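Contents: one structure, followed by commentary.
There are 2 protein chains.
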Amino acid sequence: MARKTGSHSEITGPRIRAAAERLFARHGYAAVSMRRIAAEVGVQAGALYLYTPDKQSLLADLMRGHLEELLSALSALPPVEGPVARLDQFARFHIGYHIDRPEAVFVAYMELRNLEPGNFAVIEALRRRYEDALEAILHAGGQAGLFSVPDSKLATLALIAMLTGVTNWYREGGRLERAEVEAAYAAMVLRAVGVA
Amino acid sequence: MARKTGSHSEITGPRIRAAAERLFARHGYAAVSMRRIAAEVGVQAGALYLYTPDKQSLLADLMRGHLEELLSALSALPPVEGPVARLDQFARFHIGYHIDRPEAVFVAYMELRNLEPGNFAVIEALRRRYEDALEAILHAGGQAGLFSVPDSKLATLALIAMLTGVTNWYREGGRLERAEVEAAYAAMVLRAVGVA
DNA sequence: GGTTGAACTGAACAGGCGTTCAGATAAACA
DNA sequence: TGTTTATCTGAACGCCTGTTCAGTTCAACC
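Those sequence lines, one after another, are chains C and B. Per the working numbering, residue 81 is the first one in the first sequence, and the count goes up by one each step. Per the working numbering, residue 81 is the first one in the second sequence, and the count goes up by one each step.
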């Protein structure tokens with residue numbers, strides 16, 4: 081038996097990526113077998129290879145896709161005036177975006193060490209572009225005397241680590257509302273760089 | 081051939097733990113085989129089982145050991161007066177301690193999902209004790225009107241994420257001195273909670 | 001109604017996995 | 001010097017791994 085009624089490439093492909101993302105996030109890339117991903121989709125392991133050349137590419141494509149969407153969403157933000165407003169906007173954007181995609185974020189931040197060198201370079205470059213966007217805001221605020229940031233690179237990494245940490249504890253329907261979380265983090269970010 | 085000259089349990093045991101910690105940090109628990117750990121120590125895989133009942137216990141013991149040392153070092157800090165000084169001390173302690181043990185920290189924060197439920201509960205409880213120490217400081221500072229912390233639990237997790245992130249980029253002999261890094265992070269932590 | 005071809009199965013491949021254990025080795029003790 | 005024993009080897013266990021591929025199925029087209 082093969083090809084059940086109504087099963088198509090346009091359905092199976094995304095389902096494979098979704099299952100892989102969920103399982104990689106939950107158990108880690110190395111701990112998840114191709115057979116387990118296939119079972120989650122309701123397919124035999126061999127069928128996965130119609131959609132990805134190998135397991136490594138499946139991981140790399142997930143991470144690249146996530147980071148490209150992240151960068152695209154960041155650059156689609158409405159323009160705001162001044163470093164303070166831009167930093168506030170960045171913080172709220174980061175929290176909101178990451179809250180909605182905890183599994184994609186988890187994979188993108190935890191599985192770097194499982195990427196082969198070539199893939200690692202690509203992913204790392206995308207990550208760097210995102211960090212640079214924040215660093216540019218911090219640098220501008222520092223130059224304008226609005227922020228107190230002795231080392232903008234260190235501050236960038238510290239703030240991103242703080243913001244990304246939200247995925248470690250936030251759960252939908254939990255004690256705090258989404259907007260409260262965004263506001264709380266944004267406030268801490270602004271104060272951390274010396275905005276009273 | 082067995083038992084090379086001068087090889088003893090007191091030497092091999094720690095070497096196994098050190099090799100496992102290094103390899104787990106570098107490649108992840110699931111991606112590291114017992115044979116690879118053994119090869120790193122210069123021993124056959126079977127010999128590892130004289131020192132650990134199984135691979136899972138090796139991981140759990142590493143994590144438990146790290147967290148117990150961390151808590152013990154924290155409680156050995158000299159007492160200081162007031163929430164501001166205590167928070168400054170905590171931030172500097174956390175940075176310094178984590179900078180010196182990047183691999184132990186990496187394992188303790190990244191391999192939680194590879195712990196069996198029983199081990200997970202133990203490790204999570206230790207982690208919670210550490211977080212509670214910070215939250216107590218934040219709460220005291222908030223009550224005294226020294227800190228502006230609307231939600232002390234959120235602030236705790238945000239600050240720990242920020243501080244722990246130092247292990248992602250700091251390298252000995254890099255651009256910044258240890259003391260500079262400690263000071264920069266401590267300053268950001270204090271400002272983040274509203275200390276001018 | 002017959003043919004095509006995309007989608008999928010199921011079995012197989014070589015190799016690695018965690019773990020066990022009988023036996024070998026050499027340091028320590030009598 | 002002979003015996004004991006902690007330490008380690010090397011082979012084996014059953015199972016799982018990523019990947020390949022000949023063959024099967026069925027929706028879509030002629």
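For glycine and all other residues, C-beta sits at the position ideal for the given N, C-alpha and C. Here the structure is a predicted model, which is why all the values come from computation and not from measurement.
Around the beta-carbon of residue 196(B), fewer than 16 other beta-carbon atoms lie within 10 Å, marking it exposed. Along the segment 180-211 of chain C, going in chain order, the ones with a CB nearer than 7 Å to a CB of chain B are 190, 193, 194. At least one beta carbon of chain C lies nearer than 7 Å to the beta carbon of residue 231(B).
A Cβ-Cβ distance of about 15 Å is found for the pair residue 140(B) and residue 128(B), leaving them out of contact under the 8 Å criterion.
Judged by DSSP secondary structure, residue 244(C) falls within the alpha helix (DSSP H) whose first and last residues are 232-244. For residue 225(C), no alpha helix (DSSP H) encloses it, and the DSSP letter there is neither H nor E. Shown here for residue 272(B): same chain residues with a beta carbon closer than 7 Å to its own, the five before and five after excluded, namely 239 in chain order. Counting only the Cα atoms, residue 162(B) lies some 29 Å from residue 181(B). Using beta-carbon distances, residue 242(B) counts as an interface residue toward chain C, with a partner under 7 Å. Residue 244(B) and residue 89(C) have their C-alpha atoms roughly 43 Å apart.
Minimum Cα-Cα distance from residue 275(B) among the listed residues 263(B), 229(B), 253(B), 173(B) corresponds to 229(B). Secondary structure at residue 136(B): helix, using DSSP grouped into helix, strand and coil. Secondary structure note for residue 120(C): its alpha helix (DSSP H) is the uninterrupted segment 114-121.
About 6 Å separates the CB atoms of residue 233(C) and residue 215(C); that is less than 8 Å, so the two are in contact. Under a 10 Å Cβ-count criterion, residue 191(C) is classified as buried, with 16 or more other Cβ atoms of the shown protein chains found around its own Cβ.
At a cut-off of 7 Å, the C-beta of residue 268(C) has a neighbouring C-beta in chain B. Comparing alpha carbon positions, the residue from 250(C), 269(C), 97(C) closest to residue 178(C) is 250(C).
Within the segment 119-193 of chain C, the complete alpha helix (DSSP H) segments at least 4 residues long are 135-155, 162-180, 182-190, listed from N- to C-terminus. A distance below 7 Å between beta-carbons, with the five flanking residues on each side excluded, links residue 235(C) to the following residues of its chain, in chain order: 218, 229, 273. Residue 172(B) sits buried, since 16 or more C-beta atoms from the chains shown fall within 10 Å of its C-beta. Put simply, the segment 182-189 of chain C touches the segment 102-116 of chain C. At least three CB pairs are less than 8 Å apart.
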